[in-house]
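If you're matching them up, the sequences are chains A and B in order.
Residue numbering for the first sequence follows the working numbering, beginning at 1 and increasing consecutively.
Residue numbering for the second sequence follows the working numbering, beginning at 1001 and increasing consecutively.
What follows is a short report on a single structure.
2 protein chains.
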Amino acid sequence: MIRVAILGYGNVGRHLASAIHKANDVALVQIYNRSEVTLSEQVNTVPFTYNLSTLLPADVYIIALHDDAISEFSKAVIVENALVVHTSGGVPISKLSTRNKRGVFYPLQTFTKGRMVDFSVIPICIEAESKDDLKLLQKLGRSISEKVVQIDSNERAKLHVAAVFVNNFVNHLYHNAEVILSESKLDFDLLKPLILETAHKIENLSTSEAQTGPAKRNDRKTIEKHLNLLKDNKNKAIYKLLTKSIQDTYGKEL
Amino acid sequence: MIRVAILGYGNVGRHLASAIHKANDVALVQIYNRSEVTLSEQVNTVPFTYNLSTLLPADVYIIALHDDAISEFSKAVIVENALVVHTSGGVPISKLSTRNKRGVFYPLQTFTKGRMVDFSVIPICIEAESKDDLKLLQKLGRSISEKVVQIDSNERAKLHVAAVFVNNFVNHLYHNAEVILSESKLDFDLLKPLILETAHKIENLSTSEAQTGPAKRNDRKTIEKHLNLLKDNKNKAIYKLLTKSIQDTYGKEL
Chain A
1 MIRVAILGYG NVGRHLASAI HKANDVALVQ IYNRSEVTLS EQVNTVPFTY
51 NLSTLLPADV YIIALHDDAI SEFSKAVIVE NALVVHTSGG VPISKLSTRN
101 KRGVFYPLQT FTKGRMVDFS VIPICIEAES KDDLKLLQKL GRSISEKVVQ
151 IDSNERAKLH VAAVFVNNFV NHLYHNAEVI LSESKLDFDL LKPLILETAH
201 KIENLSTSEA QTGPAKRNDR KTIEKHLNLL KDNKNKAIYK LLTKSIQDTY
251 GKEL
Chain B
1001 MIRVAILGYG NVGRHLASAI HKANDVALVQ IYNRSEVTLS EQVNTVPFTY
1051 NLSTLLPADV YIIALHDDAI SEFSKAVIVE NALVVHTSGG VPISKLSTRN
1101 KRGVFYPLQT FTKGRMVDFS VIPICIEAES KDDLKLLQKL GRSISEKVVQ
1151 IDSNERAKLH VAAVFVNNFV NHLYHNAEVI LSESKLDFDL LKPLILETAH
1201 KIENLSTSEA QTGPAKRNDR KTIEKHLNLL KDNKNKAIYK LLTKSIQDTY
1251 GKEL
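Next up, the structure:
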């Protein structure tokens, strides 16, 4: 039985707490947050503290805090013979205090308050400094997910940039499309089936095979027409740059 | 019973043919393609021709061809008292020959050979020049989809640009993320759960609520780190432009 404490009850902490609490062979022994919070129904029997000096014994302490807070906070976690890990894609393992055994437990997903996610399909990227610690994180990861991969800090940094492209930037393109439609009082819901199909399509097709549109087929008339339709200069610039990038990728020059 | 002929058996034609053939109160009377093709199993009992002079009587002729081919082709469709429509987001109704009654029947989706789509959730955007024709297209649309909307050519052009953002450009960001990962021999499959969740998230959240990441929270350290990690200048430029656009949108300047 792996004993786990979760330190930080924000978005990631909440989702992890629920997943770990209901997992087999793992016990969620404590939840810490710096201020009092209402625990979700699934975990409201788990001991809670906002006092770091009252941490209970555990095998793994999971720091689920903002990137900037992790380093300082890890110095204040004084535990014996336990592994202290963070959950961030963007923070190297070296930022954790050397006071404890260190590791990373990074679930590669976007978490939203109030929106359930299926942890079993979320890749858990783990890193640690000894084989035993890796084994422990592997076991913990497998208790909530079918996909646990060992990734070092450099690789994780690359993964994090790539995640910014497919999550942050993609969502921003959704937003800009919504703005374009709202100028003509068109309902954004019209695009939602297309958005879903675009994401699901690459389950079976490569991203190159899935690429379509005026940029890929070098349809200059349509590109010109689209640029004239776009009122916002930022959207014009985005349209131009991504069109150029698609054309360069598929070997056709403007 | 609405009699329909489909002219052009490419991607869109194939998908439309299957959907219309199995719909109620609609008869797919003929499929035309300029060269011989193998009809899919679902429609292999439908009469086929590659000779435009042997078109059978129908109420609606659906031209499912590339944008550039629609105008010329429509002049060659000589039918009596029937509605001739195209299926393109980017072509105005006025490009169709005035020889026949004209309309548009635009299914707002990306179609892939060999990949089934659920037509019932695909918005069908219709346009016509008389109330009767609109009624006919409304009925035809409703036979295969739960969502039929009347959209004029100007609105459809806006919709088409927006579709380029959420489909073509989004898929290109997926592709670039794949390239970034491949530089470190990381498996693109790691990102797929994130890609799906990003698309599904906006079913319930607005795109602004769903926006997260270093650009939105103005985390300059991470942005700097990411730019240093990106080897490809095109990706650097895309990262900078989209980061700036997110920051402008949410009121934080670099």
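Glycine included, every Cβ here is placed at the ideal spot set by N, Cα and C.
Residue i to residue j, Cα distance in whole Å?
i: A:K192; j: A:T110; result: 19 Å
i: A:S150; j: A:V166; result: It is worth fixing the name first, because residue 150 of chain A is Gln in this sequence and not Ser. Near 21 Å, if we compare the C-alpha coordinates of A:V166 and A:Q150.
i: A:Q138; j: A:S74; result: 22 Å
i: A:N51; j: B:R1217; result: 28 Å
i: A:I31; j: A:G10; result: 11 Å
i: B:S1182; j: A:T38; result: 42 Å
i: A:A237; j: A:K244; result: 11 Å
i: A:K22; j: B:A1210; result: 27 Å
i: B:A1163; j: A:L7; result: 42 Å
i: A:Y250; j: B:T1087; result: 26 Å
i: A:E155; j: B:C1125; result: 45 Å
i: B:E1036; j: B:T1049; result: 8 Å
i: B:K1131; j: B:F1188; result: 50 Å
i: B:K1201; j: B:E1072; result: 43 Å
i: A:D219; j: A:D152; result: 43 Å
i: A:Y239; j: A:V170; result: 13 Å
i: B:V1085; j: B:R1102; result: 6 Å
i: B:L1186; j: B:L1229; result: 15 Å
i: B:P1047; j: B:N1233; result: 53 Å
i: A:L108; j: B:L1108; result: 31 Å
i: B:A1069; j: B:E1080; result: 22 Å
i: A:Q42; j: B:V1148; result: 42 Å
Judging by CA-CA distance, which residue of the options is the nearest neighbour of residue i?
i: B:A1128; options: B:S1120, B:S1094, B:R1115; result: B:S1094
i: A:E178; options: B:A1177, B:H1160, B:S1184; result: B:H1160
i: A:K231; options: A:K113, A:H86, A:D132, A:S184; result: A:S184
i: B:I1002; options: B:S1143, B:L1016, B:S1130; result: B:S1143
i: B:L1055; options: B:V1043, B:L1065, B:R1034; result: B:R1034
i: B:M1116; options: B:V1085, B:S1040, B:D1133; result: B:S1040
i: B:S1206; options: A:N204, A:D219, A:V85, A:N176; result: A:N176
i: A:N44; options: A:H66, A:N24, A:S18; result: A:S18
i: A:K113; options: B:L1227, B:N1228, B:N1204, B:K1221; result: B:N1204
i: A:V121; options: A:L134, A:E146, A:D133; result: A:E146
i: B:H1226; options: B:L1186, B:D1068, B:L1194, B:I1180; result: B:I1180
i: A:L194; options: B:F1119, B:L1186, B:T1222; result: B:F1119
i: A:A76; options: A:L96, A:D67, A:H66; result: A:L96
i: B:S1208; options: A:N228, A:Y174, A:L229; result: A:Y174
i: B:D989; options: A:I70, A:L229, A:N228, A:K221; result: A query on residue 989 of chain B cannot be resolved here, the shown segment of chain B reaching from 1001 to 1254 and no further.
For residue i, count neighbouring Cβ atoms within 10 angstroms of its own Cβ and tell me buried if that reaches 16, exposed if not.
i: A:T98; result: exposed
i: B:R1014; result: buried
i: B:A1197; result: The sequence given here places Glu at residue 1197 of chain B; Ala does not occur at that position. It is buried - the Cβ of B:E1197 has at least 16 other Cβ atoms within 10 Å.
i: A:N235; result: buried
i: A:E253; result: Confidence at A:E253 is low in this model, with a pLDDT of 45, below 50, so its placement is unreliable and no value can be given for it.
i: A:G89; result: buried
i: A:A157; result: buried
i: B:S1053; result: exposed
i: B:N1100; result: buried
i: A:I20; result: buried
i: B:I1223; result: buried
i: B:I1078; result: exposed
Give the C-beta separation of residue i and residue j to the nearest angstrom, bearing in mind that I take them to be a contact with Cβ-Cβ under 8 Å.
i: B:H1172; j: A:L140; result: Not confirmed; about 37 Å, so no contact.
i: A:Y61; j: A:A82; result: 6 Å
i: B:A1058; j: B:V1029; result: 5 Å
i: B:V1012; j: B:A1027; result: Between B:A1027 and B:V1012 the Cβ distance is about 20 Å, and since that is not below 8 Å, they are no contact.
i: A:P123; j: B:L1190; result: 5 Å
i: A:Q247; j: A:A199; result: Not quite, the Cβ-Cβ distance comes to about 23 Å (not below 8 Å), so this is no contact.
i: B:L1016; j: B:A1064; result: 6 Å
i: B:G1213; j: A:N24; result: The Cβ separation is near 34 Å, so there is no contact.
Should residue i be listed as close to the ligand SAM, given that the test is whether its C-beta is under 6 Å from any heavy atom?
i: B:H1015; result: Among the components modelled here there is no ligand, and therefore nothing to report on the ligand SAM.
How would you write the range of the beta strand (DSSP E) that residue i sits in, first residue to last?
i: B:R993; result: Residue 993 of chain B cannot be examined here, being either before or after the span of chain B that is shown, 1001 to 1254.
i: A:R3; result: 2-7
i: B:P1107; result: 1101-1107
i: B:A1027; result: 1026-1032
i: A:L173; result: Careful: A:L173 lies outside any beta strand (DSSP E), inside the alpha helix (DSSP H) at 170-183.
i: A:V148; result: 148-150
i: B:V1166; result: Unbroken run through B:V1166: none, as it is neither H nor E.
Which residue marks the beginning of the alpha helix (DSSP H) containing residue i, and which one marks its end?
i: A:H66; result: Element bounds for A:H66: n/a, residue is neither H nor E.
i: A:E129; result: Neither: A:E129 is in no alpha helix (DSSP H) and is coded neither H nor E.
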